[in-house]
Every structure is written in structure tokens, then in C-alpha cells.
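S.K.:
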Amino acid sequence: MFKTRSRMVSFRLSEDEYERLKDMSLMECARSVSEFARATLCKLPGGNGDPVAAAPRMDRLEGAVLQLRLEMHQLRQLVESTLDRVPARNGARELQESNQ
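Numbering (the numbering used here), first residue to last: 10 to 109.
#1: Could you tell me the alpha carbon to alpha carbon distance between residue 136 and residue 17, rounded to whole angstroms?
#2: Locate the alpha helix (DSSP H) running through residue 47, then write down its first and last residues.
#3: Of the residues 14, 47 and 22, which one's Cα is nearest the Cα of residue 34?
#4: Taking all protein chains shown into account, decide if residue 20 is buried (16 or more other Cβ within 10 angstroms of its Cβ) or exposed.
#5: Which class does residue 37 belong to by DSSP, given the choice of helix, strand or coil?
#6: Consult DSSP for residue 29 and reduce its assignment to one of helix, strand or coil.
#7: At the level of alpha carbons, what is the spacing between residue 86 and residue 93?
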């Protein structure tokens, strides 16, 4: 049985955005573009279609990704500086030069 819905959300899309949304809703066999948009919203992190509840989780995720990028950059710099100081052995210099 379908749940009665009493609230409406409305927003405008460009023609291209609407066509993409319509195509995606057809691929998912949704009854309508609105049903597809509602179902997609409900799948957001935080569950129950609550995008406000998802925002802090997304902020933490973005922060973690930025931290990982920083650490990867620092690690790369450390490895590169170490390779520059170590004499080449067993083709290590050729490998380093081929990666540049």
C-alpha cells in the first residue's frame, strides 16, 4: 500500500537536466520522474530521505578525503626525497627515471 504524501517540493531544471533525470527514471522503471527523484533522495546517506541529516556525514567524509590527500602528498614527497638520496642499485635509478 502506498503512503499518503501531503508535502510537495518543487524546483526548476534545465531541459538537459530534465532529460537526464527522465532517462534515469526510465532506466530504473520508475512510475514517474517525481517517484524516481523521491526514491533517489531517500537513498542519500543518513537514510529516510533526510538530506539535512546527511550533511554532517558528508562533511566528515570530505574532511577525511582531504586528510588522505594531504598524507598521500606528504608520503610521495618523502619517498621521492629518499630515492634522490639513495644510490641506484639493481636498476632502481632506471625505474625512477622511467616513472618521471
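Where a beta carbon is used, it is the ideal one built from N, C-alpha and C, also for glycine.
M.R.: This is what the structure gives:
#1: Here the chain has residues from 10 to 109 only, and residue 136 is not among them.
#2: 42-51
#3: 47
#4: By the neighbour-count rule (16 or more Cβ atoms within 10 Å), residue 20 is not buried but exposed.
#5: The answer is coil: DSSP assigns residue 37 none of H, G, I, E or B.
#6: Residue 29: helix per DSSP, three-state reduction.
#7: 11 Å
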